[in-house]
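**Q** Have a look at this one.
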Amino acid sequence: MSFEIAVTLPRGEGIRVAFAAPAGLTALFGPSGAGKTSVLDAVAGLLRPTQGRIVAGGEVLFDSEAGIDLKPERRACGYVFQDNRLFPHRRVLGNLLYGLRLAPPERRWMTVDEAAGFLGIGHLLQRMPATLSGGEAQRVAIGRALLSAPAFLLMDEPLSSLDAPRREEIMRVIERIRDELRLPILYVSHDRAEVARLAGRIVEIGG
Amino acid sequence: MGGLSPDELEIVALSLKVSGVAIAGALPVAFALAWVLARLRFPGKILLDALIHLPLVVPPVVTGWLLLIAFGTNGPAGRWFAEVLSLTFMFRWTGAALAAAIMALPLMVRAMRLSIEAVDRRLEGAARTLGAGPWRTFATVTLPLALPGVLAGLVLGFARSIGEFGATITFVSNIPGETRTLPLAIYSALQMPGAEGVVTRLAVISVLLSLVALIASETLARRAGHGRGAHVL
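Quick mapping for you: the protein sequence lines, in order, are chains A and B.
Per this note's numbering, the very first residue in the first sequence carries number 1; after that it's consecutive.
Per this note's numbering, the very first residue in the second sequence carries number 1001; after that it's consecutive.
Listed below in structure tokens is the structure:
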């Protein structure tokens, strides 16, 4: 199992989620406001569950009974945010290097050149994030997450801010991450077609 | 500066020393207070906020009098500094710097607090997921993004402290070469017949100093803003 999650989250009246996901891409699917992003935040360590247990990539990240709560920087998670969250004061290259430099050398499995080639962003390295288009920024955000040597990926509606041609382009990138890099991916979306195409397993949340 | 007499040069140098020390000393305090006010929630926060802003609204002469009580020879803070750090403030330039720092503090805290509040905390979350601990996140994300506001706070504080008059003259008097900063020297010259030339030269220097400080900080802030349109002015 790549993800085993059973938690109560401190949002509204308390969101309860429990599922186990095999390798590949698992979609969290449901209407807006159902708490999908909260689940990703909990896995990343940005939101502390009221109780429960989170296992990802074979490691226990959170276990309220055992008193385990790894800090976000210890979770080896690559988080691609809906709003990309690139650092506005660093160039694309600086954004890509941020996580790479913090990853222990023995755990790194990708170089900047490989990531740039894989994502087609080699020509953007010296640009500031503010000058990127939505599709470019999203690819850089994916590259930054991949270069931080993650054991698994969290993706929060990575296509939502993109037009149709860009969506297709990013979707192909995600398929390649899933099939070539074989990273477990937890993927949030409210788009049924997108989920049907990408996900090996679909977890319904809310509704 | 060819038109300045040695006395006038000494006044300018003293003013720069007093303000420089005041702002250097106030910077870490102001930043810490700004961070606390921007990020923490605790009982008594409104009171702390009000206390910091007090020098902005209280008559400066009252601030000077309060400094006398607290930092005078027999004041509790004054005694502590004298015994522990061998540092005295009464009738000394260090006291002028202390008064200038207290008067500049509210402006510095305000500017820095606004800039810290403007930092997108979601970026800090992103840094954490990329492997940065809290301190590294602060140093590589929070601080650089808040830098224009920190510089704005510095220059506002510097400009304010150069002009400080009431609290200074109340607390440390008007001693030539020790506590007679630019505004005090201008005030003294105004009391003397035939010193119009001195008044004019010192007044022009005051205006120039303020102008240079404002332009320098604006330039720095633009550079730090990386084309994101950061402004001090």
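Glycine is no exception: its CB is placed at the ideal position from the N, C-alpha and C atoms.
From a predicted model like this one, the values you see are computed outputs, not experimental measurements.
Please report the Cβ distance between M1103(B) and P1055(B), rounded to the nearest whole angstrom; I am assuming they are in contact, meaning their Cβ atoms lie under 8 Å.
**A** Start at 1 with the first residue of the second sequence, and residue 1103(B) comes out as number 103. Start at 1 with the first residue of the second sequence, and residue 1055(B) comes out as number 55. Indeed, because the Cβ distance is near 5 Å, the residues count as touching under 8 Å.
**Q** Return the chain-ordered list of same chain residues with a C-beta closer than 8 Å to the C-beta of A1203(B), the five sequence neighbours on each side being excluded.
**A** Looking up residue 1203(B) in the second sequence gives position 203. Excluding residues within five positions, the ones whose Cβ falls inside 8 Å are I1186.
**Q** Can you tell me which residues form a DSSP beta bridge with E4(A)?
**A** Here residue 4(A) refers to the residue found at position 4 when the first sequence is read from its first residue. Per DSSP, A20(A), V55(A).
**Q** Please work out which residues of its chain come closer than 6 Å, Cβ to Cβ, to L1098(B), disregarding the five sequence neighbours upstream and downstream, and give them in chain order.
**A** Taking the second sequence and counting its residues from 1, the one referred to as residue 1098(B) is at position 98. So the qualifying residues of the chain are F1089.
**Q** Which residues of chain B have a Cβ atom closer than 7 Å to the Cβ of G99(A), listed in chain order?
**A** Walking along the first sequence from the start, residue 99(A) turns up at place 99. By Cβ distance, chain B contributes L1130, G1131.
**Q** I want to see whether chain B comes within less than 7 Å of Q138(A), judged by CB atoms only; does it?
**A** If you number the first sequence from 1, residue 138(A) lands on position 138. So no, Q138(A) is outside the interface.
**Q** Any beta-carbon of chain A closer than 7 Å to the one on L1123(B)?
**A** As a working note, residue 1123(B) is residue 123 in the second sequence. In terms of beta-carbon proximity, L1123(B) lines the interface with chain A, with at least one pair separated by less than 7 Å.
**Q** May I ask you to report which of helix, strand or coil DSSP gives I174(A)?
**A** Counting from one through the first sequence, the residue named residue 174(A) turns up at place 174. It is helical.
**Q** In chain A, which residues lie with their C-beta within 7 Å of the C-beta of P1144(B)?
**A** Here residue 1144(B) is taken as the residue at index 144 of the second sequence, counted from 1. Near P1144(B) (Cβ distances below 7 Å), the residues of chain A are H89.
**Q** Should P1176(B) be labelled buried (16 or more other beta-carbon atoms within 10 Å of its own) or exposed?
**A** One-based indexing of the second sequence puts residue 1176(B) at position 176. Flag for P1176(B) reads exposed.
**Q** Within 10 angstroms of its Cβ, does S1005(B) collect 16 or more other Cβ (buried), or is it exposed?
**A** Residue mapping note: residue 1005(B) aligns to position 5 of the second sequence, counting from 1. By the neighbour-count rule (16 or more Cβ atoms within 10 Å), S1005(B) is not buried but exposed.
**Q** Name the two residues that bound the continuous beta strand (DSSP E) containing S156(A).
**A** Against the first sequence, residue 156(A) aligns to sequence position 156. Just to set this straight, residue 156(A) is Asp in the shown sequence, not Ser. 152 to 156 is the extent of the beta strand (DSSP E) around D156(A).
**Q** Are L1116(B) and A1034(B) closer than 7 Å when you measure CB to CB?
**A** In the second sequence, the residue the question calls residue 1116(B) occupies position 116. In the second sequence, the residue the question calls residue 1034(B) occupies position 34. The amino acid at residue 1116(B) is misidentified as Leu; the sequence shows Ile. In this structure, I1116(B) places its C-beta atom within 7 Å of the C-beta atom of A1034(B).
**Q** Is E1178(B) helix, strand or coil by DSSP?
**A** On the second sequence, residue 1178(B) is found 178 positions in, with the first residue counted as 1. Coil at E1178(B), not helix or strand.
**Q** Name, in chain order, the residues that DSSP records as bridge partners for E204(A).
**A** The count along the first sequence starts at 1 and reaches residue 204(A) at position 204. DSSP, once it has assigned bridges, lists F29(A) as partnering E204(A).
**Q** Is the CB of P31(A) under 7 Å away from at least one CB in chain B?
**A** Counting from 1 along the first sequence, the entry for residue 31(A) is found at position 31. Output row for P31(A): interface = no.
**Q** Counting only runs that start and end within the segment 1129 to 1170 of chain B, where is the alpha helix (DSSP H) found for 4 or more residues in a row?
**A** 1134 to 1137, 1143 to 1162
**Q** Three or more beta-carbon pairs under 8 Å between the segment 154 to 163 of chain A and the segment 178 to 198 of chain A, yes or no?
**A** yes
**Q** Closest by CA to E1010(B), which one among T1200(B), L1208(B), L1182(B), V1207(B)?
**A** In the second sequence, counting from the first residue as 1, residue 1010(B) sits at position 10. Nearest option by C-alpha distance: L1182(B).
**Q** Looking only at its chain, what residues have a beta carbon closer than 7 Å to the beta carbon of A1022(B), apart from the 5 residues adjacent to it on each side?
**A** Position 22 of the second sequence, counting from 1, holds the residue named residue 1022(B). Taken in chain order, the residues that qualify are A1097, A1100, A1101, A1104, S1161.
**Q** What alpha helix (DSSP H) runs, 4 residues minimum, are completely inside the segment 98 to 159 of chain A?
**A** 112 to 119, 134 to 147
**Q** Could you please give me the residues that DSSP links to Y79(A) through a beta bridge?
**A** Start at 1 with the first residue of the first sequence, and residue 79(A) comes out as number 79. L154(A), per the DSSP bridge assignment.
**Q** Bridge partners for D69(A) per DSSP, in chain order?
**A** The residue labelled residue 69(A) in the question sits at position 69 within the first sequence. DSSP output for D69(A) lists F62(A) as bridge partner(s).
**Q** Would you please state the rounded distance, in angstroms, between the beta carbons of R1128(B) and L46(A)? I believe it to be under 8 Å.
**A** For this step, residue 1128(B) is matched to residue 128 along the second sequence. For this step, residue 46(A) is matched to residue 46 along the first sequence. Their Cβ separation, rounded to whole angstroms, is 7 Å, which keeps R1128(B) and L46(A) in contact under 8 Å.
**Q** Taking DSSP's pairing of strands, which residues face L9(A) in a bridge?
**A** For the purposes of this step, residue 9(A) is taken as residue 9 along the first sequence, with counting starting at 1. Answer is I15(A).
**Q** Would you call V43(A) buried or exposed, if buried means 16 or more other Cβ atoms sit within 10 Å of its Cβ?
**A** Position 43 of the first sequence, counted from the first residue, corresponds to residue 43(A). The residue in question, V43(A), is buried, as its Cβ has 16 or more Cβ neighbours within 10 Å.
**Q** Quick one: list the residues of chain B neighbouring Y187(A), beta-carbon separation under 8 Å, in chain order.
**A** By one-based count along the first sequence, residue 187(A) stands at place 187. Those within 8 Å of Y187(A) in chain B number zero; the least Cβ separation is about 16 Å.
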